[in-house]
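See below for the structure under consideration.
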Ligand code: THU
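Pasting the structure below:
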């Protein structure tokens, strides 16, 4: 038996204004996308903005359904749309933010396990890592490059 350790690397920003301009711009796009989420059940509106190598920005937001499991998270709506419309284009960055109706969101919106698995597969299809920008509108932002910093042991 040998004991192993894994290191997770990320940058933390106290406020949105500290983020570099491109990251901030993507979070603003994700925020606009979150406003169009269809989330009548959870009232938790998530937005995702994906920057492709050709400069295109693909938006997604969570889409819920009265039959709960039939809905889909913002990240998967966005990344499936990106792959459907630009199947060959490299993904440079994924920005995610959330708006809750009755409370200020203080912690960054970390993607759920299923979204991490899906993000991992798209990142592994390309040669360069993806930058993930997770931002709470009224709190911290966390930025990491490479899915291994979000999902250390993906199913492959
Ligand atoms: N949600 C996302 O859009 N992304 C995540 O990574 C976590 C959760 C959505 C699903 C559901 O519509 C709502 O947030 C509450 O769970």
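In this note's numbering, the protein residues as written are 165 to 320.
C-beta: ideal position from N, C-alpha, C; glycine also.
Judged by beta-carbon spacing, residue 305 lies beyond the 8 Å limit of residue 315, meaning their Cβ atoms are not closer than that value.
Annotated as proximal: residue 238 and residue 211, with beta-carbon spacing under 8 Å.
For ligand 1, residues qualifying as neighbours are 203, 206, 208, 210, 226, 228, 235, 237, 238, 239, 275, 276 and 279, where qualification means a beta carbon closer than 6 Å to at least one of its heavy atoms (chain order).
Secondary structure at residue 250: coil, using DSSP grouped into helix, strand and coil.
Distance from the CA atom of residue 244 to the CA atom of residue 265, rounded to whole angstroms, is 27 Å. Assignment of residue 227 by DSSP, reduced to helix, strand and coil, places it in the strand class. Your pair residue 258 and residue 283 checks out as a contact, with CB atoms roughly 7 Å apart and the cut at 8 Å.
Rounded to whole angstroms, residue 200 and residue 261 show a C-alpha spacing of 13 Å. DSSP, reduced to helix, strand and coil, places residue 286 within a helical segment of the structure shown. Pairing residue 221 with residue 256 gives a Cβ-Cβ distance that is not under 8 Å. Judged by beta-carbon spacing, residue 246 lies within the 8 Å limit of residue 214, meaning their Cβ atoms are closer than that value. Counting along the chain, the unbroken beta strand (DSSP E) around residue 175 starts and ends at 175 to 177. Non-local C-beta neighbours of residue 181 in its own chain, meaning closer than 8 Å and more than five positions away in sequence, comprise 188, ordered along the chain. DSSP places residue 311 in no alpha helix (DSSP H); its state is neither H nor E. Per the coordinates, the alpha-carbon of residue 236 lies some 10 Å from the alpha-carbon of residue 202. The beta carbon of residue 276 sits closer than 7 Å to the beta carbons of 237 from its chain, once the five residues preceding and following it are set aside; these are given in chain order.
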